[in-house]
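Undergrad: Would you mind keeping the following structure in view while I ask a few things?
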Amino acid sequence: MKIVSHVMKKQIFRAMIIGGFVGLLGVAIFLGVLQASTQLPLKKNGSEVANNQSQTETIPTAGETTNTSNASMFYASQAGVYSNYESASSFVAEYPALKESAIVQVDDKFYVWTSMVTEESQLQFLQDPATFKKAFSVSGESCKEPTLAEIPTALADKNAAKLNFKENGKDSTLPEDWQSIGAAASTISNDINIIRLHVFAHYQSKNTCLQVKF
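At position 116 of the sequence shown (counting the first as 1) the number is 116 in the UniProt record's numbering, and the numbers step up by one without a gap.
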């Protein structure tokens, strides 16, 4: 009887161990399934957030320029800036060195410039009065007339081919009075950078669609 009782105790103990192991295994499987089921929606949501962020970064901000193909960069030698044309004119009259200068209005300011170049290295400065560099761009994107929209490109031509006003040839891509305005500007100076300035000042003063940005 003692032997039977001992064997039964061992079987009961073994059954308890197996039962406990199976129970732990079942709990582990249950927890694994539960964790997997909760991670799936998290991954899906995380992917959607990433996509939304990517889409947000590609949306242009308000006021962002999407097309700058018609904007040309220039540099001017600036002698002064005034709040009205009369003051600017009086300043020009005081200095003989400014006899070839031009007054350019941008918004509510009047700028006295002595030359307009396409490369910063081409700038030449005066001593009396002292001048300094003024960088700006000119865009004709707002011009409905194609010939006016072409002016910034013509002025920015590195070879200044379209600024050769000694020839009588007519360019249909530019305003009809392009040659006559250029010829008049050529009487002020032989310097191509001064001629460019006066041609620009003429068209910019009469066409608000030629926008200047500093």
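Glycine is no exception: its CB is placed at the ideal position from the N, C-alpha and C atoms. Predicted, not measured: the structure shown is a model, and the values here were computed from it.
1. Counting only runs that start and end within the region 70 to 111, where is the alpha helix (DSSP H) found for 4 or more residues in a row?
2. DSSP state of residue 200, grouped into three classes?
3. Using 10 angstroms around the beta-carbon of residue 102, count the other beta-carbons present and answer buried if the total reaches 16, otherwise exposed.
4. Alpha carbon to alpha carbon, how far is residue 95 from residue 128?
5. Tell me where the alpha helix (DSSP H) around residue 180 begins and ends.
6. Are residue 79 and residue 126 closer than 8 Å when you measure CB to CB?
7. If you run the structure through DSSP and keep just helix, strand and coil, what is residue 133?
8. Taking three-plus beta-carbon pairs below 8 Å as touching, is the region 129 to 137 in contact with the region 187 to 203?
9. Helix, strand or coil: which one does DSSP assign to residue 170?
10. Out of 199, 77, 179, state which residue places its alpha-carbon closest to the alpha-carbon of residue 121.
11. With a Cβ-Cβ cutoff of 8 Å, do residue 193 and residue 116 count as a contact?
12. Would you report the Cα separation of residue 63 and residue 87, rounded to the nearest angstrom?
13. Could you pull the DSSP bridge partners for residue 211 from this structure?
14. How is residue 124 classed by DSSP in three states: helix, strand or coil?
15. Could you please give the first and the last residue of the uninterrupted alpha helix (DSSP H) stretch that includes residue 155?
16. Where does residue 118 sit, in a helix, a strand or coil, going by DSSP?
TA: So, from the data block:
1. 85 to 94
2. Walking along the sequence shown from the start, residue 200 turns up at place 200. Residue 200 falls in the helix class under three-state DSSP.
3. Indexing the sequence shown from 1 puts residue 102 at position 102. So residue 102 counts as buried.
4. Within the sequence shown, residue 95 is the residue found at index 95, counting from 1. Within the sequence shown, residue 128 is the residue found at index 128, counting from 1. One C-alpha to the other measures close to 8 Å.
5. For the purposes of this step, residue 180 is taken as the residue at position 180 of the sequence shown. Looking at the DSSP string, the run of the alpha helix (DSSP H) that includes residue 180 is 178 to 186.
6. On the sequence shown, position 79 is the one that residue 79 refers to. On the sequence shown, position 126 is the one that residue 126 refers to. Their beta carbons are under 8 Å apart, which means residue 79 touches residue 126 by this criterion.
7. One-based indexing of the sequence shown puts residue 133 at position 133. Strand, per DSSP.
8. no
9. One-based indexing of the sequence shown puts residue 170 at position 170. Of the three classes helix, strand and coil, the one that applies to residue 170 here is coil, per DSSP.
10. Reading the sequence shown from its first residue, position 121 is the one you call residue 121. Considering only alpha carbons, the answer is 77.
11. Taking the sequence shown and counting its residues from 1, one reaches residue 193 at position 193. Taking the sequence shown and counting its residues from 1, one reaches residue 116 at position 116. Against a cut-off of 8 Å, the Cβ pair of residue 116 and residue 193 comes out as a contact.
12. One-based indexing of the sequence shown puts residue 63 at position 63. One-based indexing of the sequence shown puts residue 87 at position 87. In this prediction, residue 63 has a pLDDT of 35, which is less than 50 and means its spatial position is unreliable; what the coordinates show is noted afterwards. So the alpha carbons of these two residues sit roughly 34 Å apart.
13. As a working mapping, residue 211 is identified with position 211 in the sequence shown. Answer by DSSP bridge pairing, in chain order: 139.
14. For the purposes of this step, residue 124 is identified with residue 124 of the sequence shown, where counting begins at 1. It is coil, neither helix nor strand.
15. Here the question's residue 155 lines up with position 155 in the sequence shown. 151 to 156 is the span of the alpha helix (DSSP H), which, as asked, contains residue 155.
16. As a first step, residue 118 is located in the sequence shown; it is residue number 118 there, counting from the start. In this structure, residue 118 counts as coil in the three-state DSSP scheme.
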